[in-house]
Every structure is written in structure tokens, then in C-alpha cells.
Amino acid sequence: MLSARDKGTGAALTNDQVAAQVQSFIVAGYEPTANTLTFTVYCIATHPEVEKRLVAEVDEVVGRNRIPNEADLERLPYTEAVLYEAMRLYPPAHITSRLVQPDAIEIIPHTYASSAREVGGYKIPRGVPVNLPLYAAHHDPRVWPRAEEFIPERFLPDSPLYPEVCGNNPRAHAPFGFGIRMCIGWKFAIQEAKVAMALMYQRLRFQLEPGQVPLKTAAALTLTPDKGVWVRPMMR
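Numbering (numbering that gives the first Met the number 0), first residue to last: 0 to 235.
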């Protein structure tokens, strides 16, 4: 960033602009990824059959004596599915917002009016910001059968549990948002999380300390475990 220049004007970023970008990297890139890994470890620890399959994939693709590389990441579909399912149940960015537009996406039943749209008896004028609860969408049983269960196979296209909506409606699963305001770092975030998962489960397994099921969460800017997730790392 310090050496970047505008292609049109040749202008450099000011110190304030650099500081603002660094702040965005920390807020948007650190906490959500940390929360995603925390929730994922919790889900795996409560589902031994998932842990067994994930460990087998990591052992086969990466082994136990080297750091995973970029080519390895393409060969970890189950690890990716585990992450996606954890983010479905516990989306770090649990809410997003959009402005009502004439061609707004049909998320819930509505009728049109001349200058507003009506939802549940309430008219929402065009241009009004509307908060969209991604957490609720991710737990909607009309979209996700057995919505409260942790089933990574939902995200494996060759699995009979793979719902049509996963392949054809990207907005059904939107832990990074959607549209032109979708998180610009989502691909890097998935790569980062897959590397971290492979490194953790190469040699370790994680046993939950007692009293953490069901997991209590707290929702602020991001969704977090209310009191963290306490685990005991164990060599495998």
C-alpha cells in the first residue's frame, strides 16, 4: 500500500488511508476467521465421525510432515465442506444490510406498491436500508432439511444430501454476504482456514471441556461463542 499509486493520477495513499485499510484488514480479516475456526473445532469435537473423515483426508492429501501448499487445498473438499457447514450454523457475519430497490430479490412474500414494497403488512419505501438476518436464513428448515444438525455432506456435490439450493442459489448460504458488497476477501479466507485446519489436524485432535453443549453464542458485530470454546489438545 505504501508504494501503490493511482493509475490515473499517480497519487499515493495518505497515511490516514493506509491506517484505515490496515484497520479493515484487522477487523474484517482477523476476528471472523478466528471465530470460524473456533466454531468449526467445536462442531468437529462434537461429531467424532466428522473428525475421523477429515483427519483421513488431511493424512491422504497433506500427510503429517509438511505444510499444505496451494495445490493441496484443491484436494481437500471434505475439509472445505466442514468449514462451510460450520459457517452455515454459525455465520461470523450473522447479519448484513441492503437498500430496498425496485428489482429487489424475492426473499420473503411481498406485494408491490407505486413507491414502496409491502412485507407482512408493513410498507418499506425504496431506498430504505433493510437488515438481513443471515443466521435465520442459514437455519431455515424450508431451505435446509434438518437445519439444526451439523452435516458437512450438504456441501459435497456428489453426496445424496447435497440440496439443489446449494448449487443453484448462492444466496441460500451467504456467510460472506452476496452481490456487489460481498466480502472481497472471501476466497483468501477459505484458503487461510483450510490451511489452518490441515495444520491443526495433522497431529492433533481437540476434546471439549465439559459443560459446553449446547454452545451459547453472543451476537454483536460478529457472532462469537459467548464464553469461548475450551478444548484440550491431544496428540493423535
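Positions of the beta carbon are idealized from the N, C-alpha and C atoms, including for glycine.
Note to self: Only counting the same chain, and skipping five residues up and downstream in sequence, which positions put a Cβ closer than 7 Å to that of residue 53?
What the structure shows: 43, 77, 78, 81, 200
Next item on the list: Return helix, strand or coil for residue 51, following the three-state DSSP convention.
Entry: helix
Margin query: Check for me: the beta strand (DSSP E) holding residue 233 runs from which residue to which?
Written below: 230-234
Check: In the DSSP assignment, what are the bridge partners of residue 129?
Finding: 97
Next item on the list: Entirely within the region 134-215 and at least 3 residues each: give me those beta strand (DSSP E) ranges in chain order.
Entry: 203-207
Notebook entry, point to check: With respect to the alpha helix (DSSP H) encompassing residue 32, which residues constitute its N-terminal and C-terminal limits?
Noted result: 30-44
Check: What residues match up with residue 222 in a beta bridge as DSSP calls it?
Finding: 218
Checklist line | Pick from 90, 59, 10, 7 that is closest to residue 34, judged by C-alpha positions | finding: 90
Check: Would you call residue 112 buried or exposed, if buried means 16 or more other Cβ atoms sit within 10 Å of its Cβ?
Finding: Annotation note: pLDDT 42 at residue 112 (below 50); position unreliable, coordinate value reported separately. The residue in question, residue 112, is exposed, as its Cβ has fewer than 16 Cβ neighbours within 10 Å.
Checklist line | Extent of the continuous alpha helix (DSSP H) run through residue 72 | finding: 69-72
Check: On the three-state DSSP scale, how would you describe residue 87?
Finding: helix
Notebook entry, point to check: Going by beta carbon distance, what residues of the same chain come within less than 8 Å of residue 149, once the five residues before and after it are set aside?
Noted result: 42, 45, 46, 49, 84, 85, 88
Next item on the list: Take the Cβ of residue 134 as the centre, count every other Cβ of all protein chains shown within 10 Å, and call the residue buried at 16 or more, exposed below.
Entry: buried
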